[in-house]
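Chains as they are written, first to last, in the numbering used here: chain A, 1 to 330; chain B, 331 to 660. Heads up, the beta-carbon is just placed ideally off N, CA and C, and yes, glycines get one too. Below is one structure, written out as structure tokens; comments come after it.
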DNA sequence: CTGAAAGCGCTAACAG
DNA sequence: CTGTTAGCGCTTTCAG
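If you want it as structure tokens, here you go:
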């Protein structure tokens, strides 16, 4: 900036004014400054600025999700970016792989970089470690999973109701032997979906439900379902607890040619789910909406909204495409 | 930091030493400092530090891709994050939507935040605007697309050869009326793939190839192919120039029940392409590998590697799953 | 092993 | 309308 000031023959403060579009600079001076900026390919150092700036804001956000590689997370990511763009806020992104240690490390890394706010899919047994951060004025909005031990903004899907709906849907199609393939139970949404699934069945008569939990990826789910299908008294219907699990289930069914005889409902949409044969019936989530709402919340908090924390639930919906409407045999 | 120093009854420099694991601090002093850090939930300000630090490094990277929402980009993203994690580097991510203006804006935003390096899928007619940046010591590694007007590290797929292979594959299965659905030609890979496709056909006899370019999303591709299929002398085979286009083509074929009679080869893999019926034959790219190599290059440059720019081409491969092996009628 | 002083690039506060 | 001075939180340098 000194160099620009020297080249434009003005003081550094004038350069600062021009660059930040502050008033009280004559057009001629401004033009001199701009041409010096162009000549030197100068870019202000925002970080240095925020050090001194009254607000202390860095115009930076931290986004922490399970894995950017998962369409659910990348849709959230995209929505957050889109909300950040017009505000000239840059987004730090980090995949946590549902690992609590990685979560704390990544949150720490972002805090050391003085992000103005955090959007977080937490994995921690307790998110209380973020309390001082919030109190010090760095808002945290939780997405996808409810945090434990902290009262803060949360945006989630309607996990329990969605799973209940899936269970009822399968029972309504005559299924009495249903298996639910569930993620690791240390993931909050997994227990929610399992509970919802169980709730959905209590009203139905004599359904024999098997719950397999601790599944986390496609391969594990495929293997688990494969064993059940090969065993005695195999299920006539499957509930896939998240998108990767549903994909694993699809593969297990396909491998045995059962995709048209065993029913399947997945939680969270699956890419090209409408193009498979049969189409994959899912409880659709709205990750884009979740991301947009979460971004709205952080920015509102950053802008000083200090109302009570809110808990926003984005409804899911059942998309019937065929796989979930397969009728139970006999 | 002053507060921590006061609480631990040491100077700020000692706090700095402890936090940065520098030598020459007694164990007892270090412990006092750590407990003060915990008591205050203190996090160093890395940005303030890098202002004064000799290296000037911010341990920050800028990653600019077409859209994080596309599996190709999110795989790259994931690979870059994984390379950044052990180096304690945080990654700024931004989707550019193949918009040159958005690109320059996002690059500027990251430069103003003093990233140590940039990984970029460029859209600009000329990337020469980055020359001063590179000369000043901020490395830029281009991914996916070759930049124009600048000599810098590039990591791409084997676009031309891959497209050639796709064309030959279809011709070898007897197709003589083939349509290539190509992205906007201002995207470098689109012209490469179109040219490769055409090259692949010149050796084959009397193939009537139609090239439709300017397609950018699934819907556009679906509409374009739909019209061709409904017209006179419809194609017997289709080449999808990128993953979204391939999906659009799949939908167009499905809508007319032609997925088993019209051949299809797509460039870039499609999610669940192996589970569709027929399976989708693709020229598979390796985005994860591209991302990993690109990250390696930036970090090498950041660490002072000033050898000549390299141009790394990651080979593609044809994955035959059925749709591309449909034989031409008659 | 420890701390004081200076200064990184910028903006706030104020003086002209 | 413009410039000067101080200081943001840290690390460098150097002196104890």
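| Check | Outcome |
| --- | --- |
| Opening and closing residue of the alpha helix (DSSP H) in which residue 511(B) lies | Residue 511(B) -> not in any alpha helix (DSSP H); beta strand (DSSP E) instead, spanning 507–513. |
| Residue burial classification, residue 261(A) (beta-carbon count within 10 angstroms, cutoff 16) | exposed |
| Span separating the alpha-carbon of residue 345(B) from that of residue 335(B) | 6 angstroms |
| Nearest candidate by alpha-carbon position, reference residue 100(A), set 91(A), 120(A), 112(A) and 7(A) | 120(A) |
| Nearest neighbour of residue 385(B), chosen from 543(B), 636(B), 514(B) and 446(B) [CA to CA] | 446(B) |
| Beta carbon proximity, residue 212(A) to chain B, threshold 8 angstroms | no |
| Contacts around residue 369(B), its chain only, beta-carbon distance under 8 angstroms, and the 5 residues preceding and following it disregarded | 337 |
| Residue-chain proximity (residue 505(B), chain A), Cβ-Cβ < 8 angstroms | no |
| Per-residue DSSP class, three states only, for residue 261(A) | coil |
| Whole-Å CB distance - residue 440(B) paired with residue 126(A), under 8 angstroms assumed | Not quite, the Cβ-Cβ distance comes to about 34 angstroms (not below 8 angstroms), so this is no contact. |
| Alpha-carbon to alpha-carbon, residue 59(A) and residue 20(A) | 14 angstroms |
| Cα-Cα separation, residue 45(A) to residue 22(A) | 17 angstroms |
| Where residue 601(B) meets chain A, residues with beta-carbon distance less than 7 angstroms | 271 and 272 |
| Spatial distance of residue 422(B) from residue 443(B) (CA atoms) | 10 angstroms |
| Residue 135(A) burial status per 10 Å Cβ neighbour count (16 or more: buried) | exposed |
| is_contact[residue 398(B), chain A] using C-beta, thresh 8 angstroms | yes |
| Distance, residue 360(B) Cα to residue 282(A) Cα | 55 angstroms |
| Straight-line gap, residue 50(A) to residue 404(B) (C-alpha atoms, nearest Å) | 31 angstroms |
| Short-range partners of chain B found in the segment 98–127 of chain A, where Cβ spacing is below 9 angstroms | 102, 105, 106, 108, 109, 110, 111, 112, 113 and 114 |
| Residues that residue 94(A) bridges to, as DSSP identifies them | 64(A) |
| DSSP beta-bridge partners of residue 153(A) | 141(A) |
| Proximity below 8 angstroms, CB of residue 511(B) to CB of residue 568(B) | yes |
| Limits of the alpha helix (DSSP H) - the one that residue 497(B) falls within | 489–502 |
| Classification of residue 477(B) by the beta-carbon crowding that lies within 10 angstroms, buried from 16 upward | buried |
| Residues that DSSP places opposite residue 609(B) in a beta bridge | 652(B) |
| Beta strand (DSSP E) runs wholly inside the segment 537–577 of chain B, at least 3 long, in chain order | 538–545 and 567–570 |
| Alpha carbon of residue 548(B) to alpha carbon of residue 62(A), nearest angstrom | 31 angstroms |
| Cross-strand partners of residue 644(B) (DSSP beta bridge) | 487(B) |
| Residues bridged to residue 120(A) [DSSP beta-bridge criterion] | 64(A) and 142(A) |
| Cβ contact check for the segment 211–225 of chain A and the segment 248–265 of chain A: 3 or more pairs under 8 angstroms | yes |
| Distance CB(residue 133(A))-CB(residue 144(A)) smaller than 8 angstroms | no |
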